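Quick note: the sequence shown, position 205, residue 205 per UniProt numbering, numbers continuous.
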Amino acid sequence: MTAPQDQASTSDPLGTDTAPDESLNTTDMRRVLFSSFLGSAIEFYDLMLYAAAASLVFGPVFFSQMSPGLALFASFGTMAAGYLARPLGGLIFGPVGDRTGRKAVLVTTLVLMGVASALIGLLPSYATIGAAAPILLIVLRVVQGIAVGGEWGGSMLIALEHAPVSRRGFAASFASLGGPAGTVTATAVLGLFALLPDAAFYTWGWRVPFLISLGLVAVGLFVRLKIAETPVFEQMARTREEKATPIRDVFSRHWKVLALGTVAGVAPYVTQGIFVVWSTAFVVGHGMDRSLALNLHIVSSIGLMVSIAVTARLSDRFGRRPVMLTGVIAGLVLAFPLMAMLATAQFWGVMLSIVFAQMLIQGLIFGPFAAFTAELFPTRIRYTGASLSSQTASTLGAGMTPMIAALLYNLSGHTNTTLITLFLMATLLVSGLAIWSTREGSRVRLDAV
């Protein structure tokens, strides 16, 4: 791989595009990066807490009138409803962020997610209020989806648009790092309460981690309210002469890059849906202790954090496309071996399959993905375009994959994972073609896109 040609110029005291040699190691920049990471981590704590609870809890609590298999499918269906709402969050909050700034939106989405999560923790069971319980669960899950649909793009942009061109990939990855960090925290907290006796866990134990969200949101707001608006946006706002129409511009002038960015992001989310969400239900169903299954995801998520940070930094040096395509190739080579190890439902096989899948497939593609999507769009529509691209990818990938995997496994007669493996490989191929078809943006000035 060869480093792309640097096109940045002149200096800027804030270390933005026009200051490629500025260091990230300033107090203000560290605060920005921490805010990006913390806000994203809190959002994904709530998101992955729901995913873990859908695998272990929501079936017997909210769908107790169904058979265990149908209850699990229904639980994954409510999770998919949240993913379906994520592009809606991009449509709602993206244009606001492009018109009025990134910061205000990030405060709103953080509060929205925290309140929705706390209400899930207070929601009565099906045995208590009947059909109203799953209906309210779906409504709150949709609110979660809308919140995270507006959050991730803003968290990523607040870091990327403050960063020097030579560190944009690494800076943007702090929003992506929040994903596995939130997963680690959610899994650890839920795993702790999963040690309770079944009666206590299903009655109240699973609820406490959702209520903890309110405290995390308070901390996130304290940090987030202290950061400044991005200099790239402020410059654009000062010089903008026409009324901003982000949604119209994205779909009329930038629909091709929107489509390519969306398809490019599907593969890492499919990998997550199989190896993080569906795998939990699979291994627990084959006799693994639920607490042990959750702990495996703590290990793999820590590995994913390392992979994201390293690959994002590599993308600053070698470009986004080469690093992401390396992940696609790794996935095609490793798909069958990793699924075979997962299918053993034995501790070491499951652990190695999940860790390698997240580090060598998801991490290589997802590490540069934040900067990759942002660099596809000009500043005036970047929040809208990047949010729609990433959140639609998450809907098509992570949102639908657990249900698809469960269906494919049922079609196999619960005997093998071949169909799931072929599905994973197909998505890797399609995403790889989309990545190949985009331009390299790692050295393009954001105000020149």
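Using N, Cα and C, we set each Cβ at its ideal position, and we do this for glycine too.
Keep in mind it's a predicted model, so treat the numbers as computed, not measured.
- prompt: If you run the structure through DSSP and keep just helix, strand and coil, what is D289?
  reply: coil
Rounded straight-line distance, which links the Cα of W206 to that of E22:
Because E22 carries a pLDDT of 47, less than 50, the predicted location of this residue cannot be relied on, and the following value inherits that uncertainty. E22 and W206: Cα-Cα distance of roughly 46 Å.
I want to know whether the stretch 266–284 touches the stretch 31–44 - three or more CB-CB distances under 8 Å.
no
Helix, strand or coil, according to DSSP, for S412 in the structure here? In the structure shown, S412 sits in coil (DSSP, three-state: anything other than H, G, I, E or B).
Assign K103 to one of three DSSP states: helix, strand, or coil. helix
L221 versus L110: straight-line alpha-carbon distance, rounded: 8 Å
Worksheet entry | For I227, three-class secondary structure by DSSP | coil
Do you know whose CA, among G273, G349, V430 and W278, lies nearest I329's CA?
V430
Is the Cβ-Cβ distance between A406 and F73 less than 8 Å?
For A406 and F73, yes; Cβs fall inside 8 Å.
Y83 to V142, Cα distance in whole Å? 8 Å
Report task. Inspect the beta-carbon positions of Q358 and G303 and report whether they are closer than 8 Å. Result -> yes
How would you call V283, buried or exposed, if buried means at least 16 neighbouring beta carbons within 10 angstroms?
buried
*Return the first residue and the last residue of the alpha helix (DSSP H) that G385 is part of.*
R382 to S394
In this structure, does DSSP put D21 in helix, strand or coil?
-> Confidence in D21 is poor, its pLDDT being 39 and thus under 50, which makes the residue's placement unreliable; the coordinate value appears in the next sentence. Reduced to three states, the DSSP call for D21 is coil.
Exercise for the section: Return the CA-CA distance between I274 and P60, expressed in angstroms with no decimal places. Expected result: 22 Å
Am I right that G149 and S387 are in contact with their C-beta atoms under 8 Å? What's the rounded C-beta distance? 6 Å
* To do: Check whether the stretch 367–375 touches the stretch 226–236, counting contact only when three or more Cβ pairs, one atom from each stretch, lie closer than 8 Å.
  => Counting C-beta pairs with one atom in each stretch, the stretch 367–375 and the stretch 226–236 have fewer than three that are closer than 8 Å, which means they do not touch.
message: What would DSSP say about H162, mapped onto helix, strand or coil?
response: Here H162 sits in coil by DSSP.
Looking at G363: is its Cβ nearer than 8 Å to the Cβ of I308? yes
- Query: Near Q391, which residues of its chain fall below 6 Å by C-beta distance, leaving aside the five closest residues on each side in sequence?
  - Reply: Here the set comprises R86, P87, G90 and G149.
Q) Counting pairs of Cβ atoms below 8 Å between the stretch 161–181 and the stretch 43–50, do you hit three or more? A) yes
- Just how far apart, CA to CA, sit V217 and S412? 43 Å
Review point. Are W278 and T395 touching if we call contact CB-CB under 8 Å?
Key: no
Q | Neighbourhood of E375 by C-beta, 8 Å cutoff - its chain only, sequence neighbours within 5 removed | A | R168, R320, G441, S442, V444, L446 and V449
- Complete runs of the alpha helix (DSSP H) confined to the stretch 187–231 [at least 4 residues]: 207–211 and 213–224
Kindly indicate which residue of G191, T438 and M66 has the alpha-carbon position closest to the one of L291. The sequence as given places Ser at residue 291; Leu does not occur at that position. Ranking the options by Cα distance to S291, first place goes to G191.
- Query: Helix, strand or coil: which one does DSSP assign to T271?
  - Reply: helix
Looking at the unbroken alpha helix (DSSP H) that takes in S125, where does it start and where does it end?
Neither: S125 is in no alpha helix (DSSP H) and is coded neither H nor E.
Discussion item. Can you look up G319 in the DSSP assignment and give me helix, strand or coil?
Written reply: coil
Spatial distance of T203 from F174 (CA atoms) = 36 Å
- Item | Residue range of the alpha helix (DSSP H) that includes M425 | T418 to S437
Please confirm whether T401 has its beta-carbon closer than 8 Å to some beta-carbon of chain D.
Included in the structure is just one protein chain, with no chain D present.
query = Is the stretch 346–356 in contact with the stretch 247–259, if contact means three or more CB pairs nearer than 8 Å?
reply = no
| said: Quick check on T373: does DSSP put it in helix, strand or coil? | reply: helix
How many Å lie between A132 and L119 at the Cα?
Between A132 and L119, the C-alpha separation is close to 14 Å.
Q) Between L24 and the rest of its own chain, which residues show a CB-CB distance below 8 Å, the 5 nearest in sequence each way excluded? A) Residue confidence is low: L24 scores 48 on pLDDT, short of 50, so the model does not pin down where it sits. Its coordinate-derived value is still stated next. Excluding sequence neighbours, L24 sits near G15, R30, L33, A163, P164, R167, F170 and A171.
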